[in-house]
Amino acid sequence: MSENPMPNLDLNIIPLHRKAAENQDRLPGFHTAIPTRKTSRSRRSDQLILLVSFNVPAFSDDRLTELLTRLESMYYEKTGSTTSAMRELIEDLNNLILNLNLRHAGNRPQVTGSIGVIVIRSGHLFLAQSGPGHLFALIPGKVEYLHDEKISNRGLGISRTPQIYYTQLQIEPGNKILFSINLPETWDANTFTQAYVNPIQKAHLRFLEDAGDELKAIMIEAVEGQGKLNLLKLSAVKEKPRAAQPQTAQETTQTEKQAPQATPAPRPQPSRPEPDQTTPPAKPPVRASLPPQTLDAHPVPESTEPVISPKPTSLPEIEEWEAQASTPDTESRRSGAGLAPALNDGLKRVQTFGKGLLRGLKGLLQRMVPGDELVKIPAGTMAFIAVAVPLLVVTVAGLVYAQVGRNQQYSYYFSEAQTMVQSAVTEADPNVQRTKWQNAIALINTAQGYLTTDEAETLRLQVIAALDAMDDITRLELQPAISGSLVNTVKIRKIAATSRDVFMLDVQSDSVMRAWLAGTRYEMDNDFRCGAGRYGSIIVQDLIDIALLPENPDEAILVAMDRGGNLLYCYEDKVPVAISLIPPDSFWGNPIGITVENDRLYVLDEQLNMVWFYESTDNSYQFREAPLFFFTEEVPSMTDTIDFAIDKEQLYLLYINGQTTTCTYTGLAEAPTTCTAPTPYNDPRPGRQSGPTVQDAVFYQMLHTQRPEPSLYYLDPKDQSIYQFSLKLNLVQQYRPDLDLGEDFITAFAVSPTKTIFMALENELYLAYLP
12 MSENPMPNLD
22 LNIIPLHRKA
32 AENQDRLPGF
42 HTAIPTRKTS
52 RSRRSDQLIL
62 LVSFNVPAFS
72 DDRLTELLTR
82 LESMYYEKTG
92 STTSAMRELI
102 EDLNNLILNL
112 NLRHAGNRPQ
122 VTGSIGVIVI
132 RSGHLFLAQS
142 GPGHLFALIP
152 GKVEYLHDEK
162 ISNRGLGISR
172 TPQIYYTQLQ
182 IEPGNKILFS
192 INLPETWDAN
202 TFTQAYVNPI
212 QKAHLRFLED
222 AGDELKAIMI
232 EAVEGQGKLN
242 LLKLSAVKEK
252 PRAAQPQTAQ
262 ETTQTEKQAP
272 QATPAPRPQP
282 SRPEPDQTTP
292 PAKPPVRASL
302 PPQTLDAHPV
312 PESTEPVISP
322 KPTSLPEIEE
332 WEAQASTPDT
342 ESRRSGAGLA
352 PALNDGLKRV
362 QTFGKGLLRG
372 LKGLLQRMVP
382 GDELVKIPAG
392 TMAFIAVAVP
402 LLVVTVAGLV
412 YAQVGRNQQY
422 SYYFSEAQTM
432 VQSAVTEADP
442 NVQRTKWQNA
452 IALINTAQGY
462 LTTDEAETLR
472 LQVIAALDAM
482 DDITRLELQP
492 AISGSLVNTV
502 KIRKIAATSR
512 DVFMLDVQSD
522 SVMRAWLAGT
532 RYEMDNDFRC
542 GAGRYGSIIV
552 QDLIDIALLP
562 ENPDEAILVA
572 MDRGGNLLYC
582 YEDKVPVAIS
592 LIPPDSFWGN
602 PIGITVENDR
612 LYVLDEQLNM
622 VWFYESTDNS
632 YQFREAPLFF
642 FTEEVPSMTD
652 TIDFAIDKEQ
662 LYLLYINGQT
672 TTCTYTGLAE
682 APTTCTAPTP
692 YNDPRPGRQS
702 GPTVQDAVFY
712 QMLHTQRPEP
722 SLYYLDPKDQ
732 SIYQFSLKLN
742 LVQQYRPDLD
752 LGEDFITAFA
762 VSPTKTIFMA
772 LENELYLAYL
782 P
């Protein structure tokens, strides 16, 4: 007989925000939502709560509100499991922050974010968290503490794949939930006790009072209802806690009924996942608790002290999982059951041994030390000697126990990876097959977190080869391009390459560096001068882009442009020359890129929503005439453009969301410029779909190459990938390095006429040869 379904719950919610030791009226990044008529069937019972935070101000209030509303819409439109919907929401936010960091690299501090996604449905709470976050569930008899230290150390916007901690628990009317971005050291057991004996309208004040200077949190109280969200008045946050009053006999009785008993209730087993949900396997439990010093700061009567109960703290990022698979939690408990009694017995024997050692040590010293000299040995020294040796024995026992556990966990995950590989080999559906290969990689990574073995590495290479074959990935034999190394402060953001030279724009020094080919490696040209400074009456600063120049009588090899519209012509062995471009009628807004094609200089100004071009007055490429407007009647939006390219009369605009707009220029009044926004990518890979974006790719830069094989190359810095497309945006090939470059981003790239590809990772430059 099936269990009765849990009734819907109403949620009373209070945001808690302290800044500079002052309570605040509002909590930026906090958002709640309930289903609407447009909600997908899978989400019709879901109450959604979001809490987003950033290390530095990243968005205006209006932009942040717009972002949270978009995340809400995205969640309620998704079908499938709750876990997958929460994951896609977090990945979308991660991509946004990552692109923001890439776009403004070197110009401002890197933004990292955190998010807590809480979904409550029919008596179950689901949490997906990335970045710092602590969840406390105040349930009868105990406080469940759900936290993952590994996830807390990595925020959003620093890697392509965000690390996400998933968990769920069952809640009932009367339960209170606290989710906090930070964990104040001044919170103790007394703080949590007050949440039991007071309604939420008063309980939250104790958390604020004990929080110290900073707090970003939300407090939720579940009550019987019909699925409503009640955001309690923020004015209550300013209420000052009243002094404690003596309780009447009636109040005392009520308090005793509400408070948890001294004997902790049996820990509830984790609720089973909903039927449609794919649940990732949990890692072995890691003990996590509130700081001991805070729990002991204020003694609490036994009748009211909740039990702080730690939870497993990590789940690997695996998109799909067979629910019937046994969890390593179970395996850990089984293996630990045999070791724990022996270890406990051993500890008792160590204690007895320590006492005997102290007596024997004293007798030995009495025989060795003449007269009353023994009394001069401090008692603390005697105690230390007696304790140190038993502790050494305990430490050795613990290390043995830990090593046994690591071997067992490695064996479990490696075995699961082998099973996943066998399943992937026989899978016919390419989408499911790709997911299984990716799951196998995740399981191998987890296994190698416990032990590194040759068999695991061999299996990894097999899985990577299978994924490469599915995704048309060619591995490049990457090697350092420059003899020696560049200083650590260098930040390369643009590269241009000829058949014998490579030029690198360093945004840190606001200058362009040159390296020339000497055999198989490149040597730095320390005499090359091309950077910010005063050139006559013109001050060049904040270089935004560089472009190679065709052969010209003046022998300028490169032109750079700054934000003020000044051009800097650079030479191999001469001092640079600067000129000021004639600005558009509206002057300059925010020019972000230049390119030289068709004997013209093209300038992209994102703020003015313009692409201008300057005609060359002669073959010396001195662009001294007024600019012309690329568009006629139809002008696409250029907000959030990050790069562009030109092929003859065709314009390609790359946007921060990975889309490309194409426009064709005619220069004829009877045939005005036309645009396709966005232009779909044609992706022929098995299981992939063509469309306005490329699945799993985040593009940062684009590059146009000339004949004999004119192509468009797109850089995905997170995956360390370069995608080659035809001029019609048909995917030709994907390139990735064969080296493990860690999680660093590729910050710039270029393809030379000799098909040498250059990749920069900040101050490191690599090269490879395209097949």
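For the sequence shown, counting from 1, position 165 maps to 176 in my numbering; every step adds exactly one. Backbone N, C-alpha and C define an ideal beta-carbon position, used for all residues, glycine too. Quantities reported herein were computed from a predicted structural model and do not represent experimental measurements.
1) Applying the criterion that 16 or more other CB atoms from any shown protein chain within 10 Å of the CB defines a buried residue, is Pro16 buried or exposed?
2) I'd like to know if Thr43 contacts chain B, where contact means its C-beta is closer than 8 angstroms to some C-beta of that chain.
3) Between Asn577 and the rest of its own chain, which residues show a CB-CB distance below 6 angstroms, the 5 nearest in sequence each way excluded?
4) According to the neighbour-count rule (16 or more other Cβ atoms, all chains shown, within 10 Å of its Cβ), is Lys766 buried or exposed?
5) Helix, strand or coil: which one does DSSP assign to Pro441?
6) Given this structure, state the Cα-to-Cα distance separating Ser494 from Asp755, to the nearest angstrom.
7) Name the two residues that bound the continuous beta strand (DSSP E) containing Tyr746.
8) Where Phe137 and Ala529 are concerned, what is the direct C-alpha to C-alpha distance, given to the nearest angstrom?
9) Alpha carbon to alpha carbon, how far is Arg471 from Tyr87? Give it in angstroms, no decimals.
10) Give every residue of the same chain whose Cβ lies closer than 7 angstroms to the Cβ of Leu726, excluding the five residues on either side of it in the sequence, and list them in chain order.
11) Would you mind reading off the limits of the alpha helix (DSSP H) that contains Arg9?
12) Kindly confirm or deny that the segment 734-746 and the segment 445-464 touch, where touching means at least three C-beta pairs closer than 8 angstroms.
13) If we ignore side chains and look at the alpha-carbon of each, how far apart do Asp21 and Ser56 end up?
14) Beta strand (DSSP E) containing Ser496: first to last residue?
15) On the premise that Glu617 lies in contact with Ile657, defined as a C-beta separation below 8 angstroms, what is that separation, rounded to the nearest angstrom?
16) Please report the distance separating the alpha-carbon of Arg574 from that of Arg29.
17) Taking 8 angstroms as the cut-off, does the segment 204-211 touch the segment 27-45 (at least 3 CB pairs, one atom from each stretch)?
18) Report the three-state DSSP secondary structure of Ser343 (helix, strand or coil).
19) State the Cα-Cα distance for the pair Asn620 and Gln35, rounded to the nearest angstrom.
20) Near Val63, what residues of its chain come up, given a Cβ to Cβ distance below 6 angstroms and the 5 sequence neighbours on each side ignored?
21) Give the DSSP-derived three-state secondary structure of Ser102 in the structure shown.
22) In this structure, how does DSSP classify Ser591 when only helix, strand and coil are distinguished?
23) Going along the chain, which residues of its own chain have a beta-carbon closer than 7 angstroms to the beta-carbon of Ser522, five neighbours each way excluded?
24) Provide the residue(s) that pair with Asp658 in DSSP beta bridges, ordered along the chain.
25) State buried or exposed for Gln731, treating a residue as buried only when at least 16 other CB atoms are found within 10 Å of its CB.
26) State yes or no: is the C-beta of Arg37 within less than 8 angstroms of the C-beta of Pro46?
27) Out of Pro764, Thr672, Arg696 and Arg511, which has the shortest C-alpha to C-alpha gap to Pro721?
28) DSSP three-state call for Phe425: helix, strand or coil?
29) Helix, strand or coil for Glu775 per DSSP?
30) Under three-state DSSP, which class holds His28?
31) Using the beta-carbon count (16 or more within 10 Å), is Lys585 buried or exposed?
32) How should Thr652 be labelled, buried or exposed, when 16 other C-beta atoms within 10 angstroms of its C-beta is the threshold for buried?
33) If you run the structure through DSSP and keep just helix, strand and coil, what is Tyr711?
34) When the Cα atoms are used, what is the spatial distance from Thr178 to Leu157?
35) Ignore the nearest five residues each way along the sequence and tell me which others in Leu772's own chain have a CB closer than 8 angstroms to its CB.
36) If you follow the beta strand (DSSP E) that Lys153 is in, where does it begin and where does it stop?
Inspection of the coordinates gives the following:
1) Here residue 16 is taken as the residue at index 5 of the sequence shown, counted from 1. A caution first: Pro16 carries a pLDDT of 46, below 50, which makes its placement in the model unreliable, though a value can still be read off. So Pro16 ends up on the exposed side.
2) Protein chains in the displayed structure number just one, and chain B is not present.
3) Counting from one through the sequence shown, the residue named residue 577 turns up at place 566. Cβ neighbours of Asn577 beyond the five flanking positions: Ile549, Val551, Ala589 and Ser591.
4) If you number the sequence shown from 1, residue 766 lands on position 755. Counting Cβ neighbours within 10 Å, Lys766 comes out exposed, since fewer than 16 surround it.
5) Taking the first residue of the sequence shown as position 1, residue 441 is located at position 430. In the structure shown, Pro441 sits in a helix (DSSP, three-state: H, G or I).
6) One-based indexing of the sequence shown puts residue 494 at position 483. One-based indexing of the sequence shown puts residue 755 at position 744. Each residue's Cα considered, the two are about 21 angstroms apart.
7) Numbered from 1 along the sequence shown, position 735 holds the residue referred to as residue 746. Its beta strand (DSSP E) spans residues Leu742 to Pro748.
8) Residue mapping note: residue 137 aligns to position 126 of the sequence shown, counting from 1. Residue mapping note: residue 529 aligns to position 518 of the sequence shown, counting from 1. Taking the straight line from one Cα to the other gives about 59 angstroms.
9) The residue you call residue 87 lines up with position 76 of the sequence shown. The residue you call residue 471 lines up with position 460 of the sequence shown. Roughly 36 angstroms separates the two Cα atoms.
10) Along the sequence shown, read from residue 1 onward, the residue named residue 726 stands at position 715. Result list for Leu726: Phe710, Tyr711, Gln712, Ile733, Ile757 and Phe760, in chain order.
11) Since the first and last residues shown for the chain are 12 and 782, residue 9 lies out of range.
12) no
13) By 1-based counting over the sequence shown, the position of residue 21 is 10. By 1-based counting over the sequence shown, the position of residue 56 is 45. Their backbone Cα atoms lie some 12 angstroms apart in a straight line.
14) Along the sequence shown, one-based indexing puts residue 496 at 485. That residue, Ser496, is in no beta strand (DSSP E); it is neither H nor E in DSSP.
15) The count along the sequence shown starts at 1 and reaches residue 657 at position 646. The count along the sequence shown starts at 1 and reaches residue 617 at position 606. So it is not a contact: roughly 16 angstroms between Cβ atoms.
16) What you label residue 574 is simply residue 563 of the sequence shown in a count that begins at 1. What you label residue 29 is simply residue 18 of the sequence shown in a count that begins at 1. Between Arg574 and Arg29, the C-alpha separation is close to 40 angstroms.
17) no
18) In the sequence shown, residue 343 corresponds to position 332, counting from 1. Because Ser343 sits at a pLDDT of 41, beneath the cut-off of 50, its placement in the model cannot be relied upon, and the following sentence gives the value as read from the coordinates. Three-state DSSP puts Ser343 in a helix.
19) Taking the first residue of the sequence shown as position 1, residue 620 is located at position 609. Taking the first residue of the sequence shown as position 1, residue 35 is located at position 24. So the alpha carbons of these two residues sit roughly 39 angstroms apart.
20) Within the sequence shown, numbered from 1, the residue matching residue 63 stands at position 52. Result list for Val63: Gly40 and Ile126, in chain order.
21) Along the sequence shown, read from residue 1 onward, the residue named residue 102 stands at position 91. What sits at residue 102 in the sequence shown is Glu, not Ser. Helix at Glu102.
22) As a position in the sequence shown, residue 591 is number 580, starting the count at 1. Note: Ser591 maps to strand in three-state DSSP.
23) In the sequence shown, the residue the question calls residue 522 occupies position 511. Closer than 7 angstroms at the Cβ level, and outside the excluded window around Ser522, lie Cys541, Gly542 and Ala543.
24) Walking along the sequence shown from the start, residue 658 turns up at place 647. Paired residue(s): Gln661.
25) Within the sequence shown, numbered from 1, the residue matching residue 731 stands at position 720. Buried, by the Cβ-count rule.
26) Locating residue 37 in the sequence shown gives position 26, where the first residue counts as 1. Locating residue 46 in the sequence shown gives position 35, where the first residue counts as 1. It is not a contact, given that the beta carbons lie outside the stated cut-off.
27) Working through the sequence shown from its first residue, we reach residue 721 at position 710. Checked all of Pro764, Thr672, Arg696 and Arg511; the closest Cα to Pro721 is Pro764.
28) As a position in the sequence shown, residue 425 is number 414, starting the count at 1. Three-state DSSP puts Phe425 in a helix.
29) By 1-based counting over the sequence shown, the position of residue 775 is 764. Looking at Glu775 - three-state DSSP - the assignment turns out to be strand.
30) Within the sequence shown, residue 28 is the residue found at index 17, counting from 1. His28: strand per DSSP, three-state reduction.
31) Position 574 of the sequence shown, counted from the first residue, corresponds to residue 585. It counts as exposed.
32) Residue 652 sits at position 641 when you count from the first residue of the sequence shown. Its Cβ being crowded by 16 or more others within 10 Å, Thr652 is buried.
33) In the sequence shown, counting from the first residue as 1, residue 711 sits at position 700. Tyr711 falls in the coil class under three-state DSSP.
34) Translated into the one-based positions of the sequence shown, residue 178 becomes position 167. Translated into the one-based positions of the sequence shown, residue 157 becomes position 146. Approximately 8 angstroms between the Cα atoms of the pair.
35) In the sequence shown, residue 772 corresponds to position 761, counting from 1. Here the set comprises Leu752, Asp755, Phe756, Ile757 and Thr758.
36) If you number the sequence shown from 1, residue 153 lands on position 142. Per DSSP, Lys153 belongs to the beta strand (DSSP E) from Lys153 to Leu157.
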